[in-house]
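Chemist: Following my numbering, the residues of the sequence shown are numbered contiguously, the last one being 409.
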Amino acid sequence: MIAQTINSIIRKIPAWPLYILLPLSGLYTFYLGLTGGLGPEPINVLERDLGETGLKLLILGLAITPLMRFAKINLVKFRRAIGIMAFVYVFAHLLVWLILDVQILSQIWADILKRPYITVGMAGFVLMIPLAFTSNNWSVRKLGPAWRKLHKLTYAIAVLGGLHFIMLSKGFQLEPLIYMIVILAFFATRLPMFARPKSRASAA
């Protein structure tokens, strides 16, 4: 009954305001960086904040399916906007690192090859690119069933993002571990859906 009430309210709410609301956090952080509100290391704070927000949005997107399966609350209409904005934040995180932090092209390539946490982070970003460019109705129609298979990469991306966060954290920090536990928990809820039942012939 409660789920039905919530779903009836959700049906009246459009998804497009998320494209306006979700960037506000990043824009405000960028504003703080320009005005000296991020402390003595504004670039590091900005870089971390953008990346962490991107990871949070990835996790939020992963939460939609378990929420629908177990609580019967349907937020699927918002998943595309959340996923696209997660890509925007991760891309902004990468740009801050490239343009404001490292700056030297040869050093960027060296860091990608020599620093495992950067390698992991770049791998996650590369996997996000095809998902971002196929997050539209045309791609859904054109790719058909392959679209769903492609977008299952979201779980690999989230795991890589969580691992990237753990690896770059200095010392023992609980927050990155909590993110990874949540990601793995959401992934575990999907495992029965990934497994295909064996046919009688194969079982024999």
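Using N, Cα and C, we set each Cβ at its ideal position, and we do this for glycine too.
Using the three-state DSSP reduction, which class does Pro247 fall into: helix, strand or coil?
Modeler: Correct three-state label for Pro247: helix.
Chemist: Mark Gly329 as exposed unless 16 or more other C-beta atoms lie within 10 angstroms of its C-beta, in which case mark it buried.
Modeler: When all chains shown are included, Gly329 counts as buried.
Chemist: Note down the Cα distance separating Pro271 from Ala393, rounded to an integer number of angstroms.
Modeler: Each residue's alpha carbon lies about 10 Å from the other.
Chemist: Check this for me: beta carbons of Met372 and Val331, under 8 Å apart or not?
Modeler: Against a cut-off of 8 Å, the Cβ pair of Val331 and Met372 comes out as no contact.
Chemist: Please classify Ala408: does DSSP put it in a helix, a strand, or coil?
Modeler: Residue placement at Ala408 is poorly supported in this model, since its pLDDT is 34, which falls under 50; the coordinates are not used for a value here.
Chemist: If you reduce the DSSP assignment to three classes, tell me which class Arg401 lands in.
Modeler: Residue placement at Arg401 cannot be trusted, given a pLDDT of 48 that sits under 50; what the coordinates show is reported in the next sentence. Coil.
Chemist: Assuming Ala291 contacts Leu262 under a Cβ cut-off of 8 Å, what Cβ separation, rounded to an integer in Å, is found between them?
Modeler: Contact flag correct, Cβ pair sits at about 4 Å.
Chemist: Can you tell me where the alpha helix (DSSP H) with Pro222 in it begins and where it stops?
Modeler: Neither: Pro222 is in no alpha helix (DSSP H) and is coded neither H nor E.
Chemist: Taking all protein chains shown into account, do 16 or more other C-beta atoms lie within 10 angstroms of the C-beta of Met206, making it buried, or fewer, making it exposed?
Modeler: Under this definition Met206 is an exposed residue.
Chemist: How big is the Cα-Cα spacing for Phe235 and Asn249?
Modeler: Their backbone Cα atoms lie some 12 Å apart in a straight line.
Chemist: Compute the beta-carbon to beta-carbon distance between Leu336 and Gly288, rounded to the nearest angstrom, for a pair I have assumed lies under 8 Å.
Modeler: Right, their Cβ atoms sit about 7 Å apart.
Chemist: By the 10 Å Cβ neighbour count, where 16 or more other Cβ atoms means buried, how is Gly259 classified, buried or exposed?
Modeler: Counting Cβ neighbours within 10 Å, Gly259 comes out buried, since at least 16 surround it.
Chemist: So, under 8 Å CB-CB, Ala286 and Leu223 are touching, yes? Tell me the CB distance rounded to an integer number of Å.
Modeler: Correct: roughly 4 Å between the Cβ atoms.
Chemist: Between the C-alpha atoms of Arg264 and Ile383, what's the straight-line distance to the nearest angstrom?
Modeler: Reading the sequence as shown, one finds Ile at residue 264 and not Arg. Straight-line Cα distance between these residues: approximately 11 Å.
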